[in-house]
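The structure under discussion appears below in the form of structure tokens.
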């Protein structure tokens, strides 16, 4: 927003969109743990016995794939939430 | 034996290497080359303190026994790390802003700086961590015995000795590098660096074993996966409640364990490091747990039945003849154990010394903290003793539990105990309504439930908890059985304890918080914690400027001791280039002062104390003072006492002065009486004598007769004059005189005075210089009285001026609000020691020219006071100079 006032000619819509994006990234950062938790809770609904039981190798691959996905997601979010995404815009939008 | 010797050698070399790393890091830190010492990478690696020997060895053991359950121990912390944006960032900001030194400090700081809560959390932490330290010692001795088993085994006696030496070595390391800085808030660069190195060793060791097992033994990834499916693991069987419960438990523990809190919050140097750690630490955890299942499967396959799965990481490479790999693996386990003990000891010692030892020590000292110059040394000693105490407690626990199987389960038991802090912690961070009583109730309820349902039973039934209680319940009430509260049976013991303890904890915490009312300090802290991002941009700096350097000095002297405080202030004054000994209260200076104080009295207290003086806090100082904790109250009380005693001494001084004045007055009165009687008697004596001569002498020639009669007449006149003067003085002095206010000019008054003073002039004539033009000032005053004063001054000049050609200059000056008339002669003036006396009654400068009673100037002064002006003696370059001052009012009223 500060830059927008510095350059009156440039379209402020762009900056507002950027601020808006950043807030949504923050939302994503808040939601990410919930997603991870949900994905890791899925093994709880796998059948424990009888037909359709999940093999150990599959379970292992699933959990580690989720893990890798979560790490990648967090890495991406942490890059988007760089130093400039500081407290001024911390409050919910 | 040879392999054991090699092991000892490698071990010693490794320990020496760690000492070197820590030492080098500390040296680098001293040289201000901190850039890479404090990089996000080091921070991330130091977080691996979470993975202890229990996870290094135990994960494979757990996988072999319980399948995939081991993963939960790593999934929980991963979830916490990826919650960095809304959880950890806030926690670290709070920690940095409030200068938190431990988790106990955090809880106490949030709930109105309650020392009771701090002590409670500390005790909980000690109880929860001691078995954990014992567990590390056990894992190291076990791993030693694995190697020893290859040669001639390791006797139990040797194991104990080994554990003892290990504990001593760790205690020495921790004391050396953990208490280098007095300040608990300052980073332990050496320790953190050593832990980061150990983190790498752990990871490399486990990955090496994993890679060896998958590609070296199983023959590739696909084969390894097939092997897993074919093994006892087979299909997915995991207790659902344990899966969910353990994820929660490990997440809670990651936040609440003293050692993880230490590296996560206390040792954090830069908030931005968290951004990297948020994904890098989950990656670390992922890698650590990646090969656990393959190792377990291979171990189960190749090791004989009944071998301890906890040691597969070691025994599998050994069994396959990979001695080097086994050695690396051993070092990994050794690293995990040592780093855990070191950091846990630092964290616990900070808590124990700050929240238990120091309060007691200060209580026991009769003088209290007010004159404690030796607090710093005491804190340091307390911390060192605490470190040794904590490590030795772990050793003792190891010996008493005789390293049995019971220890293996203690990890989760400890997690569950420390997780009791979580509700108070999260509640404090996100809910302003959480109160101290609520936190206390929650902690107590949770802690008690945990103790009864999990901790005490973990020692084995019949050791601490009697068999009767376990079988029949407490007091014989079946619904109070430690493993089946309220008659709910069939639950896993850990989940049962976790469920009930957390339930009681949260319910008591919330309920009591809702019904109790927080103290003002609690409410302020609550606002600060919950709205931390609105109260701080980064670690808060003081916006001093109004601070009183003297006040700070007084406070610092009380806490640091006079010498140290003065040295500190002087150093900063020099650095600032200040002229005096007191530096200006710049934010820099205040911050470093606060750090110094914090090392003695705890950071929160120091912060508040500096805040009280500087007034630079976001919350108002008055509020803080009003609700001040014990320290502040004590200070306030002592300040009040000081004020009162100052008032008393002021009163005493006044009384003393009054008494002195009275004594002086009494002496003056006596002198006055004796003077006056003397003055009256002298003429009386001559009058009597001469009148007797006249009466008794018959034959007397007329000349003599007339001479005697004139003497009598003169003396009688002198008496009359004296009495007139006395009367005049007393009248003027008592204010009974009626002023005869008239209009006139200053010139008239002076003319009259000069004329009357010239009457009866004999001897050398006094030459009077005047500037008549300047004397044209209208007056509205009692001109007769004013003339009387002038006459007196001129007569005095005539009488006392000792110049050959006496000359008097009468100078008139008109100033803004007054008229000044100077009477300056060219004589030798009045001796400085006599100046004080000349306006006193019967004071005469010299006896040689005793012409009057010495009342003239006293009367002048009284008259001038009555007229609203003054007459003074003004020392001049030469001659006597009397100055008469008339107020402007008097002068202007006539114009």
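Chains as they are written, first to last, in this note's numbering: chain U, 35 to 127; chain B, 422 to 1316.
Beta carbons: idealized from backbone N, C-alpha and C, even for Gly.
Worksheet item: Are the Cβ atoms of residue 1321/B and residue 765/B separated by less than 8 Å?
Response: Beyond the ends of chain B as shown, which are 422 and 1316, falls residue 1321/B; an answer cannot be given.
Worksheet item: What is the DSSP secondary structure of residue 1134/B, reduced to helix, strand or coil?
Response: Start at 1 with the first residue of the second chain, and residue 1134/B comes out as number 713. Looking at residue 1134/B - three-state DSSP - the assignment turns out to be helix.
Item to complete: Using a cut-off of 9 Å between C-beta atoms, extract the partners of residue 64/U located in chain B.
Response: Numbered from 1 along the first chain, position 30 holds the residue referred to as residue 64/U. In chain order: 504, 506, 507.
Discussion item. Taking the alpha-carbon of residue 749/B as reference, which of 1203/B, 427/B, 1219/B, 1121/B has the nearest alpha-carbon?
Written reply: Working through the second chain from its first residue, we reach residue 749/B at position 328. Residue nearest to residue 749/B within the set 1203/B, 427/B, 1219/B, 1121/B is 427/B (criterion: CA-CA distance).
Practice prompt. Provide the residue(s) that pair with residue 1293/B in DSSP beta bridges, ordered along the chain.
Written response: Reading the second chain from its first residue, position 872 is the one you call residue 1293/B. Note: residue 1293/B sits in a beta bridge opposite 1304/B.
Worksheet item: Between which two residues does the beta strand (DSSP E) containing residue 1275/B stretch?
Response: Translated into the one-based positions of the second chain, residue 1275/B becomes position 854. Counting along the chain, no beta strand (DSSP E) covers residue 1275/B, and no H or E run does either.
Worksheet entry | Under the three-state DSSP convention, the category residue 1049/B falls into | Counted from its first residue, the second chain places residue 1049/B at position 628. Below a pLDDT of 50, predicted positions are generally treated as unreliable, and residue 1049/B, at 44, falls in that range; no measurement from the model is reported.
Worksheet item: In terms of residue numbering, what span does the alpha helix (DSSP H) encompassing residue 719/B cover?
Response: Within the second chain, the letter at position 298 stands for residue 719/B. Its alpha helix (DSSP H) spans residues 713-723.
Item to complete: Following the continuous alpha helix (DSSP H) through residue 993/B, name the residue where it begins and the one where it ends.
Response: Indexing the second chain from 1 puts residue 993/B at position 572. Looking at the DSSP string, the run of the alpha helix (DSSP H) that includes residue 993/B is 983-997.
Worksheet item: Ends of the beta strand (DSSP E) at residue 1239/B?
Response: Here residue 1239/B corresponds to residue number 818 of the second chain, with the count starting at 1. For residue 1239/B, the enclosing beta strand (DSSP E) begins and ends at 1239-1246.
Worksheet item: Does at least one heavy atom of the ligand SAM sit under 7 Å from the Cβ of residue 436/B?
Response: This structure lacks the ligand SAM, and indeed carries no ligand of any kind.
Fill in: Straight-line Cα distance separating residue 104/U from residue 61/U
Position 27 of the first chain, counted from the start, is the residue given in the question as residue 61/U. Position 70 of the first chain, counted from the start, is the residue given in the question as residue 104/U. The alpha-carbon atoms of residue 61/U and residue 104/U are separated by roughly 16 Å.
Worksheet item: Does residue 661/B have its Cβ less than 8 Å from a Cβ in chain U?
Response: Residue mapping note: residue 661/B aligns to position 240 of the second chain, counting from 1. Yes - at least one Cβ of chain U is within 8 Å of the one on residue 661/B.
Practice prompt. Measuring only between beta-carbons, confirm whether residue 932/B sits less than 8 Å from chain U.
Written response: Numbered from its first residue, the second chain carries residue 932/B at position 511. For residue 932/B, the answer is no, since every Cβ of chain U falls outside 8 Å of its Cβ.
Worksheet item: Using a Cβ-Cβ distance under 8 Å, would residue 53/U count as near chain B?
Response: In the first chain, counting from the first residue as 1, residue 53/U sits at position 19. For residue 53/U, the answer is no, since every Cβ of chain B falls outside 8 Å of its Cβ.
Discussion item. Residue 804/B and residue 771/B - do their beta-carbons sit closer together than 8 Å?
Written reply: Here residue 771/B corresponds to residue number 350 of the second chain, with the count starting at 1. Here residue 804/B corresponds to residue number 383 of the second chain, with the count starting at 1. It is a contact, given that the beta carbons lie within the stated cut-off.
Item to complete: Take the Cβ of residue 1134/B as the centre, count every other Cβ of all protein chains shown within 10 Å, and call the residue buried at 16 or more, exposed below.
Response: As a working mapping, residue 1134/B is identified with position 713 in the second chain. Counting Cβ neighbours within 10 Å, residue 1134/B comes out exposed, since fewer than 16 surround it.
Fill in: DSSP three-state assignment for residue 1231/B, whether helix, strand or coil
Locating residue 1231/B in the second chain gives position 810, where the first residue counts as 1. It is a strand residue.
Discussion item. Do residue 839/B and residue 685/B count as a contact pair if the criterion is CB distance below 8 Å?
Written reply: As a working mapping, residue 685/B is identified with position 264 in the second chain. As a working mapping, residue 839/B is identified with position 418 in the second chain. The answer is no: Cβ separation not under 8 Å.
Worksheet item: Given residue 591/B, which residues of its chain have a CB within under 8 Å of its CB, disregarding the five upstream and five downstream residues?
Response: Your numbering for residue 591/B matches position 170 in the second chain. The residues are 759, 762, 763, 766, 812.
Fill in: the region 64-82 of chain U: positions lying closer than 8 Å to chain B by Cβ
Against chain B - using a Cβ distance shorter than 8 Å - the residues of the region 64-82 of chain U are 64, 66, 67, 70, 71, 74, 75, 77, 78, 80, 82.
Discussion item. Quick check on DSSP: helix, strand or coil for residue 1188/B?
Written reply: As a working note, residue 1188/B is residue 767 in the second chain. Note: residue 1188/B maps to strand in three-state DSSP.
Practice prompt. Could you check which residue in 1236/B, 1218/B, 1214/B has the C-alpha nearest to that of residue 1198/B?
Written response: Here residue 1198/B is taken as the residue at index 777 of the second chain, counted from 1. The residue from 1236/B, 1218/B, 1214/B with its alpha-carbon nearest to that of residue 1198/B is 1236/B.
Discussion item. Quick check: the Cα distance between residue 469/B and residue 996/B, rounded to an integer number of angstroms?
Written reply: On the second chain, residue 469/B is found 48 positions in, with the first residue counted as 1. On the second chain, residue 996/B is found 575 positions in, with the first residue counted as 1. About 40 Å.
Worksheet item: What does residue 696/B reach in chain U if we use C-beta pairs closer than 9 Å?
Response: In the second chain, the residue the question calls residue 696/B occupies position 275. The CB of residue 696/B comes closer than 9 Å to the CB of 112, 113, 115, 116, 117 in chain U, given here in chain order.
Worksheet item: So which residues of chain U does residue 649/B contact, with C-beta pairs closer than 9 Å?
Response: Walking along the second chain from the start, residue 649/B turns up at place 228. For the C-beta of residue 649/B, the chain U residues within less than 9 Å are, from N- to C-terminus, 89, 90, 91, 94.
Worksheet entry | Sub-8 Å separation of residue 500/B and residue 701/B beta-carbons | As a position in the second chain, residue 500/B is number 79, starting the count at 1. As a position in the second chain, residue 701/B is number 280, starting the count at 1. Contact: no.
Fill in: At least 3 beta-carbon pairs within less than 8 Å: the region 458-466 of chain B vs the region 629-636 of chain B
With a cut-off of 8 Å, the region 629-636 of chain B and the region 458-466 of chain B do not count as touching, because too few Cβ pairs lie within range.
Item to complete: Might you give, ordered along the chain, the residues of its own chain that have their beta carbon closer than 8 Å to the beta carbon of residue 585/B, omitting 5 neighbours on each side?
Response: Position 164 of the second chain, counted from the first residue, corresponds to residue 585/B. Same-chain partners within the cutoff: 816.
Worksheet entry | Status (buried if at least 16 other CB within 10 Å, exposed otherwise) for residue 1099/B | Your numbering for residue 1099/B matches position 678 in the second chain. Counting Cβ neighbours within 10 Å, residue 1099/B comes out exposed, since fewer than 16 surround it.
Worksheet item: How would you call residue 1249/B, buried or exposed, if buried means at least 16 neighbouring beta carbons within 10 angstroms?
Response: As a working mapping, residue 1249/B is identified with position 828 in the second chain. It counts as exposed.
Practice prompt. Using a cut-off of 7 Å between C-beta atoms, extract the partners of residue 700/B located in chain U.
Written response: Against the second chain, residue 700/B aligns to sequence position 279. Under the 7 Å cutoff, chain U gives 105, 108, 109, 112.
Discussion item. On the CB-based measure, 16 or more other CB atoms within 10 Å of its CB, does residue 851/B come out buried or exposed?
Written reply: Sequence index remark: in the second chain, residue 851/B carries index 430 (1-based). Burial is judged here by how many other beta carbons sit within 10 angstroms of a residue's own beta carbon; residue 851/B has fewer than 16 and is exposed.
Worksheet entry | Bridge partners - residue 401/B, DSSP secondary structure assignment | Nothing in the structure corresponds to residue 401/B, since chain B is present only between 422 and 1316.
Worksheet item: So which of 548/B, 1105/B, 798/B, 929/B has the shortest CA-CA distance to residue 832/B?
Response: The sequence position of residue 832/B within the second chain is 411, counting from 1. Ranking 548/B, 1105/B, 798/B, 929/B by Cα distance to residue 832/B puts 548/B first.
Worksheet item: Taking contact to mean at least 3 C-beta pairs separated by less than 8 Å, is the region 552-569 of chain B in contact with the region 729-747 of chain B?
Response: Using a Cβ-Cβ distance cut-off of 8 Å, the region 552-569 of chain B and the region 729-747 of chain B are in contact, since at least three pairs of beta carbons, one from each stretch, lie closer than that value.
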